[in-house]
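Keeping their order, the protein sequence lines are chains A and U.
The first sequence runs 321 to 422 under this note's numbering.
The second sequence runs -18 to 388 under this note's numbering.
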Amino acid sequence: MPWVDACGTDDIDAEDLIRFDHGGRTYAIYRSSDDDYFCTDGKCTHEDVHLEDGLVMAYEIECPKHNATFDYRTGEALRAPACVNLNTYKVKVEAGRVLIEI
Amino acid sequence: MAGIVIVGAGECGTRAAFAARDAGYDGAILLIAGEAGLPYDRTKLTKPIVPGEAPFGGLSALRKPICHANQLDAAGITLLAGTPVGKVNSDARQVTLTDGRVFGYDRLLLAVGATARRLACRGGDRALGFRTIDHAQTVFAKARGKVVIAGAGLIGLELAAVLSGQGAEVTLVEAEALPLSRTVPAGLAERLMARHQAEGVRLLCGSEIEKVTPGFVTLSNGKRLPAPSLIAAIGVVPNTTLGAMAGAMIDNGICVDAQMRTSVPGIYAAGDCANVTLPNGQRVRSETWRCAMAQGIVAGQVMAGQTASYDDPNWLWSDQYDLTVQVVGQVADRPDALRQLPEAELQFSIDSDGALIGVAGIGRAAAMTKDIILAQRLIRAGAKVTARALSDPAIDLKSLLRTQGDV
Ligand SMILES: Cc1cc2nc3c(=O)[nH]c(=O)nc-3n(C[C@H](O)[C@H](O)[C@H](O)COP(=O)(O)OP(=O)(O)OC[C@H]3O[C@@H](n4cnc5c(N)ncnc54)[C@H](O)[C@@H]3O)c2cc1C
Ligand code: FES
Chain A
321 MPWVDACGTD DIDAEDLIRF DHGGRTYAIY RSSDDDYFCT DGKCTHEDVH
371 LEDGLVMAYE IECPKHNATF DYRTGEALRA PACVNLNTYK VKVEAGRVLI
421 EI
Chain U
-18 MAGIVIVGAG ECGTRAAFAA RDAGYDGAIL LIAGEAGLPY DRTKLTKPIV
32 PGEAPFGGLS ALRKPICHAN QLDAAGITLL AGTPVGKVNS DARQVTLTDG
82 RVFGYDRLLL AVGATARRLA CRGGDRALGF RTIDHAQTVF AKARGKVVIA
132 GAGLIGLELA AVLSGQGAEV TLVEAEALPL SRTVPAGLAE RLMARHQAEG
182 VRLLCGSEIE KVTPGFVTLS NGKRLPAPSL IAAIGVVPNT TLGAMAGAMI
232 DNGICVDAQM RTSVPGIYAA GDCANVTLPN GQRVRSETWR CAMAQGIVAG
282 QVMAGQTASY DDPNWLWSDQ YDLTVQVVGQ VADRPDALRQ LPEAELQFSI
332 DSDGALIGVA GIGRAAAMTK DIILAQRLIR AGAKVTARAL SDPAIDLKSL
382 LRTQGDV
């Protein structure tokens, strides 16, 4: 799978996320408070709601709609109403750019 | 077969079943649903319709299952749908369905929800109720042209938005001076009201329906309105019959502690049917989705032998047109702090000790949810806040949470 240049490392605040759309699909890219980067599917597995307006705290993303939480490092669904995990994608940082393998 | 028996497969009962299994319970779990089919999300029945998906005739879009059959199978949960439980015998630890089938239980959860309140006035039984998918089917098939809705609470308002969006001419009759007056601050209620009026919904506040005759309603001020379709959305009554039969204490719901235990050993209750005493002694009977889910999860965990306790602040949301309303905790009519965001407004309530106790928001969902989630965490943490910090949109609420230490 190809590596895609998604954004600059500074385009995401620490402990936050941005939305990234590519090839007709949508993703969420996270920056943790210790400046690690992660990528998951953009939409919650409960309903068709984007996680971009959700809240990132530590390694968790809380869905803005019904507050399901996921570990964005592994995609694991941590709290109801979601019970299906998020897909995750590999991420690497090169020369100030965040690349994701999709 | 004993094991855990759950009566009622709404949000609460269904979540409880999965939570018990997730908590490691390895006995039988039987989920008995009075309504036919898979458990479905009741809140979807009145939510804004995706363009192109009209509720009229497109009812399958309204039926959003809470879980699918393969998820129930995978969790080893037996769903028995379509026949209600008619009796509970707490001495024999048995429930009996209305068709005579008997099931034993080790632990029983009553997650039987609530029933739409009937209009008490003369002829009031002509009004349609709105609680179940069957009700939705009836209402969406009939309610065209002129529609009168009794009650401008959450359901009445959402229904008014959906029906007027479908071309119906909606009149809302509300006894109080403002819609949703028991749940949202006056300032937000006024904004909601203005929005409904702008969409062509007529709101008659401060009036009550005194009499219903075929095709008409008569109001307390003597006015007569044509009402070929009449819907009662005047609140709900908790279902307590089975709880009472089991010998559980009843007081505006089935009384339970924060572990969802009733006064009868082995019997639990949660969700809209339960009146919960929180760890701080406060009593709440919630009527919201979020609370039903959270209480169901606690009940499931406790029945599975885990330690769990319910202490969530009340949490309600409603979608009307493209507006979302969210309320967490206790809000007063006069807010202590206002936070203006580009597309949303938040109102905060602070108690005399300086602790945040409630937030209410109105606006575009995406604009406010992050702050609502943070406020909910601040409320849970009993965080001390200042009106100045809350009112300044440049101050990230996350930073307030940080200063509270470990939450
Ligand atoms: C149209 C509508 C819109 C709503 N929108 C919102 C919203 O936007 N936000 C929000 O927070 N809340 C909303 N609510 C409220 C929310 O849906 C309820 O708080 C929640 O569904 C309560 O869940 P529950 O499982 O406790 O009860 P219920 O959902 O009432 O489920 C109880 C189930 O038990 C079954 N039952 C009862 N007696 C028996 C018996 N003897 N045997 C077997 N089964 C039995 C019932 O048939 C029912 O299916 C809405 C409610 C309605 C009706
Ligand atoms: S859409 Fe994410 S929790 Fe419901």
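Backbone N, C-alpha and C fix where the C-beta goes; we use that ideal spot for every residue, glycine too.
Inter-stretch contact at 8 Å, needing at least 3 Cβ pairs: the segment 11 to 18 of chain U / the segment 62 to 73 of chain U: Touching, yes.
Could you tell me which of Gln282(U), Ala213(U), Asp87(U), Pro294(U) sits nearest to Val257(U), measuring between CA atoms? Locating residue 257(U) in the second sequence gives position 276, where the first residue counts as 1. With distances taken between Cα atoms, Val257(U) lies closest to Pro294(U).
The segment 217 to 224 of chain U touching the segment 113 to 128 of chain U, judged by at least three CB pairs closer than 8 Å: With a cut-off of 8 Å on Cβ pairs, the segment 217 to 224 of chain U is not in contact with the segment 113 to 128 of chain U, counting fewer than three such pairs.
So, helix, strand or coil for Thr367(U), using DSSP? By 1-based counting over the second sequence, the position of residue 367(U) is 386. Residue state, collapsed to three classes: coil.
In whole angstroms, what separates the C-alpha of Ala229(U) from that of Met241(U)? Position 248 of the second sequence holds residue 229(U). Position 260 of the second sequence holds residue 241(U). If I take the Cα positions, the gap works out to 12 Å.
Strictly below 8 Å CB to CB, what residues from chain U border Pro384(A)? By one-based count along the first sequence, residue 384(A) stands at place 64. Here the neighbours are Ala346, Ala347, Thr350, Lys351, Ile354.
Span separating the alpha-carbon of Asp457(U) from that of Phe197(U): This structure leaves residue 457(U) out entirely; chain U is present only between -18 and 388.
With 16 as the cutoff for other CB atoms within 10 Å, does Arg82(U) come out buried or exposed? Reading the second sequence from its first residue, position 101 is the one you call residue 82(U). Exposed is the call here.
Along chain A, in chain order, which residues have C-beta atoms closer than 7 Å to that of Arg(-4)(U)? As a first step, residue -4(U) must be located in the second sequence, where it is residue number 15. Ordered by position in chain A, the residues that pass the 7 Å Cβ test against Arg(-4)(U) are Ala400.
Thr221(U) lies in the beta strand (DSSP E); which residues open and close that run? Locating residue 221(U) in the second sequence gives position 240, where the first residue counts as 1. Premise fails: Thr221(U) is in no beta strand (DSSP E) and is neither H nor E.
Any idea if Asp292(U) is buried or exposed, counting beta-carbon neighbours within 10 angstroms, 16 or more meaning buried? Counted from its first residue, the second sequence places residue 292(U) at position 311. So Asp292(U) ends up on the exposed side.
How should Phe340(A) be labelled, buried or exposed, when 16 other C-beta atoms within 10 angstroms of its C-beta is the threshold for buried? Taking the first sequence and counting its residues from 1, one reaches residue 340(A) at position 20. Phe340(A) counts as buried, since no fewer than 16 other beta carbons sit within 10 angstroms of its beta carbon.
Using a Cβ-Cβ cut-off of 7 Å (strictly less than) and excluding sequence neighbours within five positions of Gly395(A), which residues of its own chain qualify? Locating residue 395(A) in the first sequence gives position 75, counting from the first residue. Thr360, Asn405, Leu406, Asn407, Thr408.
Counting only beta-carbon atoms, is Leu406(A) nearer than 8 Å to chain U? Against the first sequence, residue 406(A) aligns to sequence position 86. For Leu406(A), not one C-beta of chain U is nearer than 8 Å to its own C-beta.
Can you tell me the Cα-Cα spacing of Pro209(U) and Leu159(U), whole angstroms? In the second sequence, counting from the first residue as 1, residue 209(U) sits at position 228. In the second sequence, counting from the first residue as 1, residue 159(U) sits at position 178. Near 25 Å, if we compare the C-alpha coordinates of Leu159(U) and Pro209(U).
Anticipated Cβ contact below 8 Å, Val120(U) with Glu150(U), distance rounded: Indexing the second sequence from 1 puts residue 120(U) at position 139. Indexing the second sequence from 1 puts residue 150(U) at position 169. Between Glu150(U) and Val120(U) the Cβ distance is about 15 Å, and since that is not below 8 Å, they are no contact.
Say the cut is 7 Å; is the CB of Pro160(U) nearer than that to a heavy atom of ligand 1? One-based indexing of the second sequence puts residue 160(U) at position 179. Pro160(U): no, Cβ never under 7 Å from ligand 1.
Is it right to say Gly335(U) is buried, meaning 16 or more other beta carbons lie within 10 angstroms of its own, or is it exposed? Residue mapping note: residue 335(U) aligns to position 354 of the second sequence, counting from 1. That one is exposed.
Can you pull the chain U neighbours of Asp373(A), defined as C-beta to C-beta under 7 Å? As a position in the first sequence, residue 373(A) is number 53, starting the count at 1. Residues of chain U with a Cβ closer than 7 Å to the Cβ of Asp373(A) are, in chain order, Ala347, Thr350, Lys351.
Using a 10 Å radius around the Cβ and a threshold of 16 neighbouring Cβ atoms, would you call Thr350(U) buried or exposed? The sequence position of residue 350(U) within the second sequence is 369, counting from 1. Around the beta carbon of Thr350(U), a 10 Å sphere encloses 16 or more other beta carbons of the protein chains shown; the residue is thus reported as buried.
By DSSP, does Glu367(A) sit in helix, in strand, or in coil? Counting from one through the first sequence, the residue named residue 367(A) turns up at place 47. Looking at Glu367(A) - three-state DSSP - the assignment turns out to be coil, as it is neither helix nor strand.
May I ask you to report which of helix, strand or coil DSSP gives Ile278(U)? If you number the second sequence from 1, residue 278(U) lands on position 297. Three-state DSSP puts Ile278(U) in a helix.
Closest Cα partner of Ile418(U) within the set Gly146(U), Ala133(U), Leu169(U), Ser244(U): Summary: the structure shown does not reach residue 418(U), with chain U confined to residues -18 through 388, and so no result is reported for it.
Residues of its chain near Gly38(U), where Cβ-Cβ distance is below 7 Å and the 5 sequence neighbours each way are ignored: Position 57 of the second sequence, counted from the first residue, corresponds to residue 38(U). Caution is warranted here: a pLDDT of 48 is assigned to Gly38(U), below 50, making its placement in the model unreliable, and the coordinate value is therefore given only provisionally. So no residue of the chain qualifies.
Under 8 Å between C-beta atoms, does Met284(U) make it to chain A? Translated into the one-based positions of the second sequence, residue 284(U) becomes position 303. Using a CB distance cut-off of 8 Å, Met284(U) does not count as an interface residue toward chain A.
List, in order along the chain, the chain A residues whose C-beta lies closer than 8 Å to that of Gln52(U)? The residue given as residue 52(U) occupies position 71 in the second sequence. Those within 8 Å of Gln52(U) in chain A are Cys403.
Can you tell me which of Lys68(U), Tyr302(U), Ser372(U), Ser145(U) puts its alpha carbon nearest to the alpha carbon of Arg172(U)? The residue given as residue 172(U) occupies position 191 in the second sequence. Here the closest residue by C-alpha is Tyr302(U).
Residues in the same chain with beta-carbon distance under 8 Å from Ala400(A), minus the five sequence neighbours each way, listed in chain order, please. To locate residue 400(A), count along the first sequence from 1; it is residue 80. Contacts found: Ala388.
Suppose the cutoff is 6 Å on Cβ atoms and the five residues either side in sequence are ignored; what does the same chain contact list for Ala289(U) look like? Your numbering for residue 289(U) matches position 308 in the second sequence. If we look at Ala289(U) and ignore the five residues flanking it on each side, its Cβ neighbours are Val279, Gln282, Val283.
From the DSSP output, which residues share a beta bridge with Met377(A)? Translated into the one-based positions of the first sequence, residue 377(A) becomes position 57. Glu380(A), per the DSSP bridge assignment.
Measure from the C-beta of Ile376(U) to each C-beta in chain A and report whether the shortest distance is under 8 Å. Position 395 of the second sequence, counted from the start, is the residue given in the question as residue 376(U). False, the Cβ-Cβ gap to chain A never drops below 8 Å.
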